[in-house]
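For the record, in the sequence shown the residue sitting at position 70 is 72 according to the numbering used here, with numbers rising by one throughout. By construction, the Cβ of each residue, glycine as well, lies at the ideal position given by its N, Cα and C atoms. Quick caveat: nothing in here was measured; it's all calculated off a predicted structure. Data first, discussion second: the structure below is written as structure tokens.
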Amino acid sequence: GGVGKTTLAQLVYIDKRVDEWFDIKAWVCVSEEFDAFRVTKTILEEITSICDSSQNLNQLQLKLKEKLLGKKFLFVLDDVWNEKYVDWEELRSPFCFGAKNSKIVVTTRNESVASIMRTVPTYHLNILSDEDCWGLFAKHAFVDTSPSMHPNLIATSEAMVKRCRGLPLAL
3 GGVGKTTLAQ LVYIDKRVDE WFDIKAWVCV SEEFDAFRVT KTILEEITSI CDSSQNLNQL
63 QLKLKEKLLG KKFLFVLDDV WNEKYVDWEE LRSPFCFGAK NSKIVVTTRN ESVASIMRTV
123 PTYHLNILSD EDCWGLFAKH AFVDTSPSMH PNLIATSEAM VKRCRGLPLA L
């Protein structure tokens with residue numbers, strides 16, 4: 003982790019053009035424990051702003067289906083680890099009722115999770131080059147000055163940047 007998948011998804015999610023394009027948006031942090039009930043409940047609560055007391059996945063999915071009917075939605079499923087296609091199938095059944103051009107963005111560090119989704123080709127984020135790492139670090143560490151104005155900090159700073167191994171979130 004740490005290459006910026008969630009950050010990139012957040013930047014897309016909060017963009018005004020995205021708000022204008024989609025009728026409904028929801029963000030769910032999935033993490034290691036994939037639970038179709040919890041994910042469905044979170045989506046439903048986010049799009050209705052109502053805490054739902056349903057204790058049954060089918061009830062939740064029927065409610066979600068009603069809310070999605072004919073609506074163009076964007077859902078972000080962040081940090082998905084689960085590799086079981088059957089779990090994805092269980093979750094996605096109400097999504098079919100949304101309007102054309104609805105989208106689901108999935109962030110994952112696992113290539114097999116991406117392939118299980120059976121969607122568009124994955125978009126890989128690469129680590130930063132040494133030059134880009136240094137630039138990002140210097141921008142934050144030296145704020146309005148040049149690193150050359152702090153020669154006593156250059157060696158230590160370069161060592162810190164090297165330890166981050168190209169991961170922007172480590173900087």
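query, result
"Residue closest to LYS102, alpha-carbon to alpha-carbon, out of VAL30, ASP25, LYS74 and PHE24", "LYS74"
"Simplified DSSP state of LYS18, which is helix, strand or coil", "helix"
"Closer than 9 angstroms to chain C by CB, SER56", "Judged by its chain identifiers, the structure shown contains no chain C, having just a single protein chain."
"Sufficient close CB pairs (3 or more, under 8 angstroms) joining the segment 56 to 66 to the segment 115 to 132", "no"
"Simplified DSSP state of TRP2, which is helix, strand or coil", "Nothing can be reported for residue 2, as the shown portion of the chain is limited to 3 through 173."
"Nearest-angstrom beta carbon gap, VAL32 and LEU76 [assumed within contact, 8 angstroms]", "LEU76 to VAL32, Cβ: 16 angstroms. No contact."
"Rounded C-alpha distance that separates GLY72 from ASN128", "37 angstroms"
"Exposed unless 16 or more other CB atoms sit within 10 angstroms - verdict on LYS86", "exposed"
"Reference LYS7, options VAL107, ILE45, PHE97 and VAL41, closest by Cα", "VAL107"
"For ARG132, the three-state DSSP class (helix, strand or coil)", "Checking the sequence, you will find Asp at residue 132 rather than Arg. DSSP places ASP132 in helix when its eight states are reduced to three."
"Uninterrupted beta strand (DSSP E) stretches inside the segment 100 to 154 (no shorter than 3 residues)", "105 to 108"
"Integer Cβ distance of GLY4 from ALA157, believed to fall under 8 angstroms", "With 8 angstroms as the limit, GLY4 and ALA157 do not qualify as a contact, their Cβ atoms being about 24 angstroms apart."
"Cβ shell of SER131 (< 8 angstroms), same chain only, five flanking positions each side left out", "GLY168"
"Ordered list of beta strand (DSSP E) runs contained in the segment 51 to 88, each at least 3 residues", "75 to 82"
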